[in-house]
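Q:
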Amino acid sequence: MADAQSYVGRFAPSPTGPLHLGSLYTALASFLDARARRGLWLLRIDDIDTPRNVPGAVGSILKTLEAYGLQWDGAVYYESQHLDDYEQALARLQHEGLLYPCVCSRKRLAELPGRHDIYPGLCRNRIAIPAGQPYALRARSDDRDIVFEDRLQGLICQNLAAEHGDFILKRKEGIVSYQLACVIDDHLQGITHVVRGLDLVDSTPRQIFLQQLLGLPTPSYLHVPIIIDSHGYKLSKQTLAEAVTLRNAPAVMFKLLELLRQKPPVELKQASCPELLDWGVRNWDPLPLNKTRSVQPG
Ligand SMILES: [Zn+2]
7 MADAQSYVGR FAPSPTGPLH LGSLYTALAS FLDARARRGL WLLRIDDIDT
57 PRNVPGAVGS ILKTLEAYGL QWDGAVYYES QHLDDYEQAL ARLQHEGLLY
107 PCVCSRKRLA ELPGRHDIYP GLCRNRIAIP AGQPYALRAR SDDRDIVFED
157 RLQGLICQNL AAEHGDFILK RKEGIVSYQL ACVIDDHLQG ITHVVRGLDL
207 VDSTPRQIFL QQLLGLPTPS YLHVPIIIDS HGYKLSKQTL AEAVTLRNAP
257 AVMFKLLELL RQKPPVELKQ ASCPELLDWG VRNWDPLPLN KTRSVQPG
């Protein structure tokens, strides 16, 4: 554990269902990256979007990780136990004039001309919110370019004003956004290295922006390809991706190592999960995934 402070990684699944091959793929990548650097690997359950939580999903996720030998360090971190921390960050940003209430409905925004993924700032200069009206909180984005070097994808640059506009930190229903919670969690857990799926790369500039507003350090980022199905869609609950099997874990792990372009030797086809992980840690090299956006299981 000598290098523990210099590398703290994490896996942060949402308890919206059991792990599928795509989520286990990113879990394995972040595990191997952490262990290859003798770092810590923490587990965080992204459970604040309560309407999407599925009963029993947390237990199923933990059981699957254990069955595959992906043992995390320390206690499991639950976002739902950190709501006060998110509120403190919101209060601070509000105090500094960096966010504002927004009463726009989804319907209203959909009726506007132009790109619907960029908020046009309708409530930016509103003085007062009509009493009793529910509102969201938005971060004031600005015209700065957020630039970061992804360890696999190279230099990434995004202008927040042009790509997202002012973005939501807390929804009208009172749920804190993924962007804010993730930034606070990464800080509280002391995360130094984020390894996650490429589907989240578009969130990274907003998270770096929030880190800058809150005076928090920016971790190193590595976005691995996503696994797509035979129709070219990302494996997800929405595309009805199957839960990973617990019955034949070593064969699945061998396949995942191949999909991570690690070229496990054929002799390991009969190996156990601990043996495969041991080989995976000793030989981990993410560079063969360089600039790859998606992989497809054969
Ligand atoms: Zn608004």
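The numbering of the sequence shown is our numbering, which starts it at 7 and goes up by one.
No residue lacks a Cβ here, since even glycine has one placed at the ideal position from N, Cα and C.
Tell me whether L105 counts as near ligand 1, meaning its Cβ is closer than 7 Å to at least one heavy atom of that ligand.
A: No, the beta carbon of L105 sits no closer than 7 Å to any heavy atom of ligand 1.
Q: Helix, strand or coil: which one does DSSP assign to P57?
A: In the structure shown, P57 sits in a helix (DSSP, three-state: H, G or I).
Q: Under the assumption that P21 contacts I51 (Cβ atoms under 8 Å), give the Cβ distance between them as a whole number of angstroms.
A: The pair is a contact, with the Cβ atoms about 6 Å apart (cut-off 8 Å).
Q: Distance, Cα to Cα, R150 vs D172?
A: About 13 Å.
Q: Could you tell me whether the region 229 to 240 touches the region 198 to 212, where touching means 3 or more Cβ pairs closer than 8 Å?
A: These segments touch.
Q: Tell me which residues pass a beta-carbon proximity test against ligand 2: closer than 6 Å to any heavy atom, given in chain order.
A: By its list of ligands, the structure shown excludes ligand 2, since it contains just ligand 1.
Q: If you count every other CB in all the chains shown that lies within 10 Å of the CB of L265, and 16 or more means buried, which is it?
A: Under this definition L265 is a buried residue.
Q: Q276 to L30, Cα distance in whole Å?
A: Approximately 20 Å, taken between the alpha carbons.
Q: Within the chosen definition, does the region 109 to 124 reach the region 206 to 224 through at least 3 CB pairs nearer than 8 Å?
A: In short, these stretches do not touch, since the Cβ pair count stays below three.
Q: Please go through the same chain and pick out, in chain order, the residues whose beta-carbon is closer than 7 Å to the beta-carbon of Y141, but skip the five residues on each side of it.
A: So the list reads P107, C108, V109, I135, K178, once near-sequence residues are dropped.
Q: Under a three-way DSSP split, which group does M7 fall into?
A: Confidence is the limiting factor: at M7 the pLDDT is only 43, short of 50, which leaves the residue's position unreliable and the question unanswerable from this model.
Q: Just how far apart, CA to CA, sit C163 and F154?
A: So the two alpha carbons sit approximately 7 Å from each other.
Q: For the beta strand (DSSP E) that contains H229, what are its first and last residues?
A: First-last of the beta strand (DSSP E) with H229: 226 to 230.
Q: If you run the structure through DSSP and keep just helix, strand and coil, what is L143?
A: Of the three classes helix, strand and coil, the one that applies to L143 here is strand, per DSSP.
Q: Which ranges does the beta strand (DSSP E) cover as unbroken runs of at least 3 residues, wholly within the region 75 to 154, from first to last along the chain?
A: Correct list: 105 to 108, 142 to 145.
Q: Can you give me the Cβ contacts of A137 inside the same chain, cut-off strictly under 8 Å, excluding the 5 residues immediately before and after it?
A: The answer is none, since no qualifying residue turns up.
Q: Quick check on the DSSP output: the alpha helix (DSSP H) that includes N296 runs from which residue to which?
A: Neither: N296 is in no alpha helix (DSSP H) and is coded neither H nor E.
Q: DSSP has F37 in a bridge; who is on the other side?
A: Answer is none; F37 lacks a bridge partner.
Q: Report, in whole angstroms, the separation of the C-beta atoms of L274 and L282, which I expect to be a contact under 8 Å.
A: Right, their Cβ atoms sit about 6 Å apart.
Q: For N165, name the three-state secondary structure that DSSP assigns.
A: Strand at N165.
Q: If you scan the region 249 to 275 from start to end, which runs of the alpha helix (DSSP H) of 4 or more residues do you find wholly inside it?
A: Those alpha helix (DSSP H) runs which fall completely within the region 249 to 275 and span 4+ residues are 255 to 265.
Q: Excluding the 5 residues flanking R98 on each side, which residues of the same chain have their C-beta closer than 8 Å to its C-beta?
A: If we look at R98 and ignore the five residues flanking it on each side, its Cβ neighbours are L220.
Q: So which of V189, E169, D235, N131 has the shortest CA-CA distance to E93?
A: The shortest Cα separation from E93 among V189, E169, D235, N131 belongs to V189.
Q: Residues in the same chain with beta-carbon distance under 6 Å from E85, minus the five sequence neighbours each way, listed in chain order, please.
A: Closer than 6 Å at Cβ, skipping near neighbours: D52, D53, I54, A187.
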